[in-house]
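I have placed the structure first, in the form of structure tokens, so that the comments after it can refer back to it.
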Amino acid sequence: MAKVFLSLGSNLGDRLRFLRDAMQLIENQDSIKVLKLSSIYETEPIGNVLQSDFYNMVVEIETKLSPRELLRVAKKIEEALRRTRGVHWGPRTMDIDILLYDQKIINEEDLIIPHPEMCRRAFVLVPLIEIEPELKLPEGDLVSHFASRVTNQRIKKIGTLF
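For the sequence shown, position 72 matches number 131 in this note's numbering, and the numbering has no gaps at all.
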């Protein structure tokens, strides 16, 4: 079983409902076991697209799925929650990213692990450190080392999912 960290985010409609629905769909997968959930954080959007704030969280799972199979499951869950792809870094009902998959490094056209932007995003780092404070990247760096670099990004703890 692989240890994996996923990032979930929503900034359209009932953001909390979309996070809950995504978690239900993740938990319904026979090949996935949810281990830990972070708190939910309200965060400002990244990029130059005018849009609402996001609700974000991080989930630690174990899975028998390969990284590619897990990506397919994540995309199906996004589609089930009416995710549309149009504007890069634009608004979305659900966004699921694979942050880390064991200590693997994967660099393919449509699948990069560790997630290439994770160490520059407070909405990933803060909830990730909350559930795994001593987590290391495949290269050996502590994830917490990068948190001091994102203090200019607004992030507010909202509470827990359930």
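All C-beta atoms, glycine included, are put in the ideal place defined by N, C-alpha and C. Here the structure is a predicted model, which is why all the values come from computation and not from measurement.
I'd like to know whether the C-beta atoms of residue i and residue j end up nearer to each other than 9 Å.
i: Leu75; j: Met153; result: no
i: Leu140; j: Ile120; result: no
i: Asp161; j: Met177; result: no
i: Ile114; j: Ile99; result: First, the amino acid is wrong: residue 114 is Tyr here, not Ile. In contact: Tyr114 and Ile99 (Cβ atoms closer than 9 Å).
i: Leu65; j: Ala133; result: yes
i: Thr219; j: Leu124; result: no
i: Ala122; j: Leu129; result: The sequence given here has Thr at residue 122, not Ala. Their beta carbons are under 9 Å apart, which means Thr122 touches Leu129 by this criterion.
i: Met116; j: Lys92; result: no
i: Ser203; j: Pro192; result: yes
Please identify the residue among the options whose C-alpha is closest to the C-alpha of residue i.
i: Ile105; options: Val202, Lys216, Arg151 and Phe221; result: Arg151
i: Leu201; options: Lys216, Glu167 and Leu184; result: Leu184
i: Leu159; options: Glu168, Leu194 and Arg131; result: Leu194
i: Ile165; options: Arg179, Phe221 and Glu198; result: Glu198
i: Arg127; options: Thr102, Leu170 and Glu86; result: Leu170
i: Asp73; options: Lys62, Asn87, Leu84 and Asp112; result: Asp112
Would residue i be called buried (16 or more neighbouring beta carbons within 10 Å of its own) or exposed?
i: Gly68; result: buried
i: Glu168; result: exposed
i: Pro173; result: buried
i: Arg213; result: exposed
i: Thr102; result: buried
i: Arg179; result: exposed
i: Phe182; result: buried
State the beta-bridge partners of residue i as determined by DSSP.
i: Ala61; result: Thr122
i: Gly68; result: Asn115 and Asp154
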